[in-house]
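Notes for the one structure printed next.
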DNA sequence: TTTATTTACTTAACCGTTTTCGTAATCACA
DNA sequence: TGTGATTACGAAAACGGTTAAGTAAATAAA
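Chains as they are written, first to last, in my numbering: chain A, 1 to 336; chain B, 337 to 672.
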């Protein structure tokens, strides 16, 4: 009943623990016949190595941590799928740590990671300001960190992003071409890299078409769905309501639909909508939603790949790569 | 640069490692003044304990594993949110292990867990047959296991499910009341507990209304979206196509919509659809989707709570609870 | 004053694997 | 036949935190 350890295995085999350990690791120092005996006995006794003993000794946890705001979001869950695919392939485990968009929680998680719980970190920052200190500490300790999607611009780490600025530009330009002149831009946080980039793209499109940018058109939203719907209804209830909306976050697009439905507003008749979204149901919505579709799965894969590349290098933070994977504008009925 | 260990901390403080350890654990054996000194020095040196050393010695990992088929699914991702909320509260970490619906992968993951990587396991089985052996082994080793949603009926573990049979009954009954007489039931696996239950509920409703059950109406689907759409189009293209469809899995409902769209079939005119689904967009689809909405977040919370209860007990598998949290039928336009 | 008790620490032995350094024994080669 | 490699294994010391057992000093009880 007491767990079968490598020493128990060794005793049964009349061997030393060292030999068994090496045999299990398929070391060249061990004869084929011994390896076979060990493997067989291990299977017979149902031996499973204690990962913590191993981690302690090797200073490797065979685990990566994914730090992100939430998982109930198509983009993030698809990204996790991509990350996990790579990790599983490399024999690594995935620790999912949710920040719930709280900077404090994020910091606490990152600080804990200093203990070596994970060999590397994938992170998509929360919407409150990310403290570069924790990240810097990790880097100093030689723990590779790769940002994805929501990156921290000031930091010199590997990053995987999509072409946020250009995507927002395309979305805005598309709306303008559709006749919109008063476009609201919904965002969840102004100190998020992706927000900056996307707002820049939006501004650029306006400028190019000679539309004056009005700071009041940048609408900061919250993480409370009902608050947002309330806010949106208020905005859309006004006489000078926008004739176009860009929802820079998946959830916000859904909330715009809800607000419009409750107000009896027609999309795209009364207001056109485009959302940054990875919803599989985008094309099935009423009306189908024009989206900027991010390559979520691919971004997850790419971030994980970058992380493992860094883990392979002795020079920990060698991979100061920035990867940009383009998003796609998919025009559907909500704008046409 | 070299990690600051408890011994280094101790040396700096002119104390023994034992004292520091106890001080950090707020042991009553240590004086207040020493505790304060230790805490301050620990903060100053930015000490972070090595979780693996601790896990090795204490035989506790402060980690739970969530084993499930995928994460890119509203039900599962919401459930994870619920699980994580509880785990974070208890100071535990969450290891997410995806089986991708492969029994072999599931077995491998569970077998690895024997090593003690996680203190407890939450699992929603994959659609291929789950091998009770791995679970039994875990239980023998005293690792508590809680099933949620996709449970293993033969096993005597704690379980959290929804009222699958009754939900399916309600969905079927609803369709019949709407006039359907030829109802197809889409499933992904026939050896899944939830499939059994749901099919039973479906049969029961038919029987009660004097409609003969036709085994051919149980449509086994795959995990390939395009395969399913193809299959569904074939089915819906026939003259004697069903006049009602129950999609017992979230993704399948979406695929029914796609198939109908491609065939130009009208929902609910040509065929009525109800789906087991937690999509936030259900009410925004075209037409809005009648759903059996499962309490995903709550189920996650409940499962985690049950697990922690078991972790609290010395008698590991004391909690052979079965919790049933009811789902809700939300009638929308796809059936009316 | 002597004896118990409490307080505040220390020592040392773990936990289970890995790995460095040996060391016999076998083999190759001049 | 002696020297150097090579092969196959073992002893023991890590890794870093925890904890049982022990101890010296201070305090309380007799």
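Ideal Cβ placement from N, Cα and C applies to all residues, glycine included.
Since the model is a prediction, treat every value here as computed from it, not as a measurement.
So, is residue i buried or exposed, given that buried needs 16 or more other C-beta atoms within 10 angstroms?
{"i": "residue 654 of chain B", "result": "Only weak support is given to the placement of residue 654 of chain B: the predicted model assigns it a pLDDT of 49, under 50, and the value that follows is read from those uncertain coordinates. It is exposed - the Cβ of residue 654 of chain B has fewer than 16 other Cβ atoms within 10 Å."}
{"i": "residue 364 of chain B", "result": "exposed"}
{"i": "residue 506 of chain B", "result": "buried"}
{"i": "residue 190 of chain A", "result": "exposed"}
{"i": "residue 322 of chain A", "result": "exposed"}
{"i": "residue 636 of chain B", "result": "buried"}
{"i": "residue 278 of chain A", "result": "buried"}
{"i": "residue 175 of chain A", "result": "buried"}
{"i": "residue 43 of chain A", "result": "exposed"}
{"i": "residue 20 of chain A", "result": "buried"}
How many Å lie between residue i and residue j at the Cα?
{"i": "residue 352 of chain A", "j": "residue 441 of chain B", "result": "It is not possible to answer for residue 352 of chain A, since the shown part of chain A is limited to 1 through 336."}
{"i": "residue 332 of chain A", "j": "residue 288 of chain A", "result": "6 Å"}
{"i": "residue 337 of chain B", "j": "residue 249 of chain A", "result": "Reliability fails at residue 337 of chain B, whose pLDDT of 44 lies under 50, so the model's placement of it is uncertain and the value that follows must be treated cautiously. Approximately 40 Å between the Cα atoms of the pair."}
{"i": "residue 308 of chain A", "j": "residue 451 of chain B", "result": "24 Å"}
{"i": "residue 275 of chain A", "j": "residue 386 of chain B", "result": "43 Å"}
{"i": "residue 673 of chain B", "j": "residue 583 of chain B", "result": "Any answer about residue 673 of chain B is impossible in this case: the structure gives chain B only from 337 up to 672."}
{"i": "residue 150 of chain A", "j": "residue 121 of chain A", "result": "14 Å"}
{"i": "residue 273 of chain A", "j": "residue 261 of chain A", "result": "13 Å"}
{"i": "residue 31 of chain A", "j": "residue 12 of chain A", "result": "18 Å"}
{"i": "residue 558 of chain B", "j": "residue 524 of chain B", "result": "6 Å"}
{"i": "residue 125 of chain A", "j": "residue 72 of chain A", "result": "16 Å"}
{"i": "residue 577 of chain B", "j": "residue 517 of chain B", "result": "11 Å"}
{"i": "residue 562 of chain B", "j": "residue 281 of chain A", "result": "15 Å"}
{"i": "residue 678 of chain B", "j": "residue 312 of chain A", "result": "Coverage of chain B is limited to positions 337 through 672, which leaves residue 678 of chain B absent and any answer about it impossible."}
{"i": "residue 147 of chain A", "j": "residue 118 of chain A", "result": "15 Å"}
What residue range does the alpha helix (DSSP H) around residue i cover?
{"i": "residue 468 of chain B", "result": "468 to 476"}
{"i": "residue 100 of chain A", "result": "Per DSSP, residue 100 of chain A belongs to no alpha helix (DSSP H) and is neither H nor E."}
{"i": "residue 368 of chain B", "result": "368 to 380"}
{"i": "residue 29 of chain A", "result": "Segment: none, residue 29 of chain A is in no alpha helix (DSSP H) and carries neither H nor E."}
{"i": "residue 597 of chain B", "result": "586 to 599"}
{"i": "residue 305 of chain A", "result": "296 to 312"}
Can the beta-carbon of residue i be found less than 8 Å from the beta-carbon of residue j?
{"i": "residue 93 of chain A", "j": "residue 431 of chain B", "result": "yes"}
{"i": "residue 662 of chain B", "j": "residue 499 of chain B", "result": "yes"}
{"i": "residue 219 of chain A", "j": "residue 235 of chain A", "result": "yes"}
{"i": "residue 346 of chain B", "j": "residue 352 of chain B", "result": "yes"}
{"i": "residue 519 of chain B", "j": "residue 605 of chain B", "result": "no"}
{"i": "residue 468 of chain B", "j": "residue 437 of chain B", "result": "no"}
{"i": "residue 640 of chain B", "j": "residue 418 of chain B", "result": "yes"}
{"i": "residue 291 of chain A", "j": "residue 320 of chain A", "result": "no"}
{"i": "residue 68 of chain A", "j": "residue 4 of chain A", "result": "no"}
{"i": "residue 538 of chain B", "j": "residue 589 of chain B", "result": "no"}
{"i": "residue 466 of chain B", "j": "residue 488 of chain B", "result": "yes"}
{"i": "residue 591 of chain B", "j": "residue 568 of chain B", "result": "yes"}
{"i": "residue 528 of chain B", "j": "residue 470 of chain B", "result": "no"}
Where does the unbroken beta strand (DSSP E) through residue i begin, and where does it stop?
{"i": "residue 556 of chain B", "result": "554 to 556"}
{"i": "residue 659 of chain B", "result": "658 to 661"}
{"i": "residue 495 of chain B", "result": "494 to 498"}
{"i": "residue 521 of chain B", "result": "519 to 523"}
{"i": "residue 419 of chain B", "result": "Premise fails: residue 419 of chain B lies in the alpha helix (DSSP H), 410 to 425, not in any beta strand (DSSP E)."}
{"i": "residue 332 of chain A", "result": "Where residue 332 of chain A is concerned, there is no enclosing beta strand (DSSP E), given that its DSSP letter is neither H nor E."}
{"i": "residue 68 of chain A", "result": "63 to 68"}
Using the beta-carbon of each residue, which ones in chain B are nearer than 8 Å to residue i?
{"i": "residue 275 of chain A", "result": "Here the premise fails: no neighbours, minimum Cβ distance about 11 Å."}
{"i": "residue 50 of chain A", "result": "392, 451 and 452"}
Along chain B, which residues have their Cβ under 7 Å away from the Cβ of residue i?
{"i": "residue 91 of chain A", "result": "Going along chain B, no residue has its Cβ under 7 Å from residue 91 of chain A, so there is no contact; the nearest lies around 10 Å."}
{"i": "residue 135 of chain A", "result": "The contacting residues do not exist; residue 135 of chain A stays about 14 Å from chain B at best."}
{"i": "residue 43 of chain A", "result": "Ordered by position in chain B, no residue passes the 7 Å Cβ test against residue 43 of chain A, which lies about 11 Å from the chain."}
{"i": "residue 331 of chain A", "result": "Residues of chain B passing the Cβ test: none, with the nearest at roughly 17 Å."}
Output, in chain order, the set of chain A residues within a Cβ distance shorter than 7 Å of residue i.
{"i": "residue 628 of chain B", "result": "Simply none; closest approach about 17 Å."}
{"i": "residue 593 of chain B", "result": "284"}
{"i": "residue 616 of chain B", "result": "254"}
Mind pulling the chain A residues with CB within less than 8 Å of residue i?
{"i": "residue 622 of chain B", "result": "284, 285, 286, 287 and 288"}
{"i": "residue 447 of chain B", "result": "48"}
Going along chain B, which residues have a C-beta under 9 Å from residue i?
{"i": "residue 61 of chain A", "result": "387 and 388"}
{"i": "residue 77 of chain A", "result": "406, 407, 408, 409, 410, 412, 413 and 416"}
{"i": "residue 98 of chain A", "result": "416, 417, 420, 421, 424 and 430"}
Cβ of residue i within 7 Å of any heavy atom in the ligand MN?
{"i": "residue 509 of chain B", "result": "Annotation note on the ligand MN: not contained in the displayed structure, which lists no ligands."}
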